[in-house]
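Worksheet: the structure to be examined is printed underneath.
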Amino acid sequence: MAFVDLIYGRLVMVTGKGGTGKSSVSAALGRLAAAQGRKTLVLEIDAQNPAMKAIYGVEPGYKPMEVAPNLYVANLHWLQNLSEWVSRVLPGGRVVRLVLGNPLIQSFLEVAPGNRETIALSKIGWLMEDFDLVVVDLAASGHALAMLEVPNTMVGLFPSGPIRKEGETALAMLQDSQSHLVLVGLPEDMVVNETIETFEAIREKVPGLSMDTILLNRSSVPSLTEEEHGFLAALSDGVKSPGAEELLWAGRWESQLEEATAEAEERLTQRLQARVIQIPRLSHDGGPQQLVHQIAAALVRASSARTGS
Amino acid sequence: MNASLRELIASKRLLVCVGSGGVGKTTMAATIGLRAAREGRKVLVLTIDPARRLANSLGLDSIGNVETQIDIGESQGELWAMMLDTKTTFDDLIQRSAPDDDTRNAILDNRIYQTLSAHFSGSQEYMAGEALYDVVESGRYELVVLDTPPAKNALDFLEASARLSKFLDPRVIGVFLAPPEDRRFLGRVVYGTSAVVFRLLSFVFGGEFLEDFTEFLRNFEPMYEGFRERHEAVSTLLRSPTTSFLMVCAPNEPSMEVARFFNDELQERGLSRGGVVVNQVLPCEGEALDPNALLGEAASSLQAEFEPGTSARILARLGAAHRRLRQHAHIERKLIDDIRSMMHGETNTLYEVPRLEGEVHDLGSLERAAALLFD
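Structure (structure tokens):
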């Protein structure tokens, strides 16, 4: 399957170390799916500072909001999510009012760890009924992993009751062949380390979740020969003027980015047996929405290059 | 040059670094810790980032859940580091605070305890407060530098203690722990509906779970007071005049957005803002540079030893690379100016650190980063 074909699935979850461009990638996948006529939702979970606001210029609410043809955004605010969850999972209006109006239950639900995750996963399942594709811009890797582990833990912890049922449903959703997890990384040592750690942890702790691709964002394609590298190094020796130093710095900087990309790709493919797709370093000049368009185009190019070869 | 930042590391007892991921927050925490140790203080750098990259930036393979001294050579001060492991911290806490062996074992064996302590994302933030309190109150360090998880979770950390102490409200616990008859009575007094509530909870979570949970709370009961006291102390600690928050960001829009967000939140909560560190700033003066004028002579003297045309290709490449550098630097400059105006003219609290060549993962490069930040 070419990478971009995952937009024909039902659920794509995107995570990676903070600052790798998860949100831009999520928005780009959403855009590609919507362009294919699929009714698509790009979803953030209780984001205090939603990324889609910077991209689409509107504050995403709990209810999905159309920002382009077939393309919707939403942000799952926790209390609204809880209130919908309670009224769907528990029978009867009186019970719901009791649950939501009672400070004891509120504080129990608020504090018991794992509840937020369960409730959000249930909501993702319901949203999937209304959309052809849901793209979830998950939290950074550590916390995304904690969330993905929850259904398994729930099933182990609750021998009975509605929460167990919700856990089973969420687990089935994660393990469905139409659901995919995508990791976004950068060609930097520490980011590659964390990407490897996260990938292996997800393989171990969320068995059955389909995950085979790492997007290497802000990649640089090597452009200098050995000979040219040698020349650049020789030229750097003995340079005195600040202007010349700055020029050489610019050259070395780009060479370093190229080397780092090659190293990152090698480490990731060897260690994880995963497919690595490079997204080139792109200019931020045109603003966040333009960047999303460019990432979408790069994903299509990279995918067709791979299937062609 | 950066006198106010020096003042901060000389006078504060706790510095909390907040900011989005990928901006070198952990590296900055280690850098600040190293410089403070060089200035003669006894410093601990503590990371509660689940991604654990403190060891990387100190050039070590790993640092555990115990305080580890870092060899920084000849120095008056000391540098220590610790990475928080939630499960171990939880277990340690139970070991120390359980009134007797039976209670301790009952808790450690409880299914709910095991799940809570190891699996759920919220427990990281709860335990961060505990670990922080322990190290600050131990008096073993003159300065603790805390590295927090990336943006979206750092606020959970600020709120975790409030949430936990709300949950440990004796009225709430009482409903679970009172015998059923009393529960009904207590319920009427406190909320009016507790028996119904209890039945409801048991419906939602399943009867077996609720039994486990009550059992768990009962074993925990002798320790509640201690928990509550510590969490109130953490809250006081974060508001103390000897505590300050540093916002770390990189010169790109998403990370600056997060810095703005933190600035507002800290202000709203009345927490002390120690300044903004803009890390990874491209070293570029902004002027157009002509590679032929500046390097042409040096390049042609090298050409003889290389394939024909190499010199011209390299000079062209440097020109193009520098144009791209200027473009990026121009965007960065605008973003940094925005942040400066956000600080309402408190320009002396905005610190720029240029991007270093290569990555920071040994003491040598940390020293260079410290020189750029402080000198």
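First to last, the protein sequences are chains A and B.
When the letters of the first sequence are read in order and numbered with our numbering, they come out as residues -11 to 297.
When the letters of the second sequence are read in order and numbered with our numbering, they come out as residues 327 to 701.
For glycine and all other residues, C-beta sits at the position ideal for the given N, C-alpha and C.
As the structure is a prediction and not an experimental result, all values here were calculated from the model.
With distances taken from CA atoms, which of the options is nearest residue i?
{"i": "A/S229", "options": "B/L536, B/L592, B/G622", "result": "B/G622"}
{"i": "A/R19", "options": "A/Q166, A/H168, A/I(-5), A/L236", "result": "A/I(-5)"}
{"i": "B/M453", "options": "B/D417, B/R430, B/I662", "result": "B/D417"}
{"i": "B/G552", "options": "B/T373, B/N382, B/R422", "result": "B/R422"}
{"i": "B/S383", "options": "B/G366, B/L341, B/T357", "result": "B/T357"}
{"i": "B/T474", "options": "B/K660, B/A355, B/G465", "result": "B/A355"}
{"i": "B/L458", "options": "B/R650, B/G596, B/L661, B/N391", "result": "B/N391"}
{"i": "A/A221", "options": "B/T675, B/V560, B/L564, B/A625", "result": "B/A625"}
{"i": "A/P57", "options": "A/L174, A/E247, A/L29, A/L126", "result": "A/L29"}
{"i": "B/E579", "options": "A/P210, A/D273, A/V227", "result": "A/D273"}
{"i": "B/S330", "options": "B/S581, B/V602, B/L372", "result": "B/V602"}
{"i": "A/A127", "options": "A/G144, A/V180, A/L31, A/K51", "result": "A/L31"}
{"i": "A/G231", "options": "B/V344, B/I398, B/R652, B/R367", "result": "B/R652"}
Helix, strand or coil: which one does DSSP assign to residue i?
{"i": "B/M582", "result": "helix"}
{"i": "B/I389", "result": "coil"}
{"i": "A/H168", "result": "strand"}
{"i": "B/T373", "result": "strand"}
{"i": "B/L692", "result": "helix"}
{"i": "A/A285", "result": "helix"}
{"i": "B/Y550", "result": "helix"}
{"i": "A/M142", "result": "helix"}
{"i": "A/G155", "result": "helix"}
{"i": "B/P425", "result": "coil"}
{"i": "B/S447", "result": "Because B/S447 sits at a pLDDT of 47, beneath the cut-off of 50, its placement in the model cannot be relied upon, and the following sentence gives the value as read from the coordinates. Note: B/S447 maps to helix in three-state DSSP."}
{"i": "B/K368", "result": "strand"}
{"i": "B/V603", "result": "strand"}
{"i": "B/V686", "result": "coil"}
{"i": "A/D200", "result": "strand"}
{"i": "A/P147", "result": "coil"}
{"i": "B/V515", "result": "Unreliable placement is indicated for B/V515, whose pLDDT of 42 sits below 50; no coordinate value is reported for it."}
{"i": "A/V299", "result": "Limits of chain A in this structure are -11 at one end and 297 at the other, which puts residue 299 of chain A out of reach."}
{"i": "B/R509", "result": "Confidence at B/R509 is low in this model, with a pLDDT of 48, below 50, so the placement of that residue should be treated as unreliable; the coordinate-derived value is given next. It is helical."}
{"i": "B/I398", "result": "coil"}
{"i": "A/N58", "result": "coil"}
{"i": "B/N431", "result": "helix"}
{"i": "B/L608", "result": "coil"}
{"i": "A/L(-1)", "result": "strand"}
{"i": "A/Y50", "result": "coil"}
Which residue comes first and which comes last in the alpha helix (DSSP H) that contains residue i?
{"i": "B/M668", "result": "636 to 668"}
{"i": "A/S243", "result": "230 to 260"}
{"i": "B/C617", "result": "Strictly speaking, residue 617 of chain B in this sequence is Pro, with Cys absent from that position. 617 to 629 is the span of the alpha helix (DSSP H), which, as asked, contains B/P617."}
{"i": "A/M116", "result": "103 to 118"}
{"i": "B/S570", "result": "No alpha helix (DSSP H) holds B/S570; the beta strand (DSSP E) holding it covers 569 to 575."}
{"i": "B/G465", "result": "Run containing B/G465: none; DSSP gives neither H nor E here."}
{"i": "A/Y372", "result": "Because chain A here runs from -11 to 297, residue 372 of chain A falls outside it and cannot be looked at."}
{"i": "A/G218", "result": "214 to 224"}
{"i": "B/G347", "result": "Taken as a continuous stretch (DSSP letters only), B/G347 belongs to no alpha helix (DSSP H), as it is neither H nor E."}
{"i": "A/V74", "result": "66 to 77"}
{"i": "B/I335", "result": "329 to 337"}
{"i": "A/A15", "result": "10 to 23"}
For the ligand MG, is there a heavy atom less than 8 Å away from the beta-carbon of residue i?
{"i": "B/S637", "result": "This structure simply doesn't include the ligand MG, nor any ligand for that matter."}
Could you check where the beta strand (DSSP E) with residue i kicks off and where it finishes?
{"i": "A/D125", "result": "121 to 125"}
{"i": "B/V407", "result": "Rather than Val, the amino acid found at residue 407 of chain B in this sequence is Ala. Note, B/A407: beta strand (DSSP E), 404 to 409."}
{"i": "B/L597", "result": "First-last for B/L597: undefined, no H or E at that position."}
message: Quick check: the segment 675 to 687 of chain B against the segment 595 to 609 of chain B, are at least 3 beta-carbon pairs closer than 8 Å?
response: yes
message: Three Cβ pairs or more, each shorter than 8 Å: is that satisfied between the segment 587 to 598 of chain B and the segment 206 to 224 of chain A?
response: no
- prompt: Within the chosen definition, does the segment 263 to 277 of chain A reach the segment 187 to 205 of chain A through at least 3 CB pairs nearer than 8 Å?
  reply: yes
query: Hey, is the segment 358 to 370 of chain B in contact with the segment 334 to 342 of chain B, meaning 3+ C-beta pairs nearer than 8 Å?
result: yes
message: Short of 7 Å Cβ to Cβ, which residues in the segment 406 to 422 of chain B face chain A?
response: none
task: Assess, as a yes-or-no matter, whether the segment 41 to 51 of chain A is touched by the segment 133 to 146 of chain A under the definition of 3 or more beta carbon pairs within less than 8 Å.
output: no
field: Contact the segment 422 to 440 of chain B vs the segment 392 to 409 of chain B: 3+ CB pairs below 8 Å
entry: no
message: Is it the case that the segment 13 to 28 of chain A contacts the segment 143 to 155 of chain A, given that we only count it when at least three CB pairs across the two stretches are under 8 Å?
response: no
Segment contact, 8 Å Cβ cut-off, at least three pairs: the segment 169 to 182 of chain A with the segment -5 to 10 of chain A: yes
message: Along the segment 193 to 220 of chain A, where does the CB come closer than 8 Å to a CB of chain B? Name the residues.
response: S211, L212, E215, E216, G218, F219, L220
field: contact_flag[the segment 105 to 123 of chain A, the segment 55 to 73 of chain A] where n(CB pairs < 8 Å) is 3 or more
entry: yes
message: Residues of the segment 566 to 585 of chain B in Cβ contact with chain A at a cutoff of 8 Å, in chain order, please.
response: A576, N578, E579, P580, S581, E583, V584
- prompt: Using a beta-carbon distance cut-off of less than 8 Å, what residues from the segment 134 to 154 of chain A approach chain B?
  reply: A134, M135, E137, V138, T141, G144, L145, F146, P147, S148, G149, P150, I151, R152
query: Any chance the segment 238 to 253 of chain A sits against the segment 274 to 290 of chain A, with 3 or more Cβ pairs inside 8 Å?
result: no
query: For the segment 340 to 365 of chain B, which residues have a CB atom closer than 7 Å to at least one CB atom of chain A, in sequence order?
result: S346, G347, G348, V349
- prompt: When you check each C-beta in the segment -1 to 10 of chain A against every C-beta of chain B, which residues fall closer than 8 Å?
  reply: K5, G6, G7, T8
message: If contact is defined by three or more beta carbon pairs under 8 Å, each pair taking one atom from either stretch, is the segment 561 to 574 of chain B in contact with the segment 345 to 352 of chain B?
response: yes
- prompt: Got a sec: which bits of the segment 164 to 177 of chain A sit with their beta carbon under 8 Å from any beta carbon on chain B, in order along the chain?
  reply: L174, E176, D177
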